[in-house]
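Just so we're aligned, residue 125 is where the sequence shown starts under this note's numbering, counting upward by one. Here a beta-carbon is modelled for each residue, glycine too, at the ideal position from N, C-alpha and C. In this text the structure is predicted, and so the values were computed from the model without any measurement.
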Amino acid sequence: MSPRVCLCWAEPAASDPAYVGTRDLRYRVLRRPLGMLPGTELNASETACWHLAALSGETVVGCVIFRDDGDGAGQLMQMAVDPDQQGHGVGRALIEALEERAKLDGIERIYLHAREVAVGFYASLGYAVEGEPYLEVGIPHRHMAKQLGTG
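Structure (structure tokens):
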């Protein structure tokens with residue numbers, strides 16, 4: 125990861141600039157290219173989720189959100205990395221930090237809905253494809269999951 129990038133946990137509130145930046149990035153990277161309107165990046169459980177941001181200075185260049193299901197499992201959602209930062213370790217750093225917090229909180233399994241184009245990225249981090257391909261937001265996805273180690 126670029127030495128200029130640092131990670132921080134954001135509070136899902138309009139008063140937190142890191143959170144505002146994650147919403148903007150999620151919209152620009154995940155929704156706008158699909159012709160979706162601003163606001164569609166909001167998750168139904170937004171305020172209950174953990175929000176992790178990667179910042180370069182004051183600019184959010186990567187983010188991921190996570191919902192703890194309360195049963196030892198949780199869902200990783202809306203992972204986004206600015207196209208100019210992709211391939212530089214930002215995504216990997218976000219996932220590794222999220223997994224560390226999840227382990228500390230007793231999460232044993234993380235699952236996600238991966239866009240088909242991101243399956244290789246998640247597989248390189250130990251996530252396995254489960255089930256058949258399906259469409260979500262009009263594009264191919266795969267269900268993936270990972271059992272977290274205890275150490």
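DSSP, reduced to helix, strand and coil, places L154 within a helical segment of the structure shown. Taking C-beta separations shorter than 7 angstroms and ignoring five residues to either side along the sequence, the partners of E254 in its chain run H267, M268, A269, following chain order. Its Cα nearest to that of G230, the residue G196 stands out among D140, A178, V144, G196.
In terms of Cβ geometry, L161 and L131 do not form a close pair [threshold 8 angstroms]. By a beta-carbon distance limit of 8 angstroms, I219 does not contact L179. Their separation comes to about 16 angstroms.
8 angstroms or more divides the Cβ of L200 from the Cβ of L149.
The segment 220-228 and the segment 153-170 do not touch, with fewer than 3 CB-CB distances between them shorter than 8 angstroms.
Between D206 and G181, the gap from beta carbon to beta carbon reaches 8 angstroms or more.
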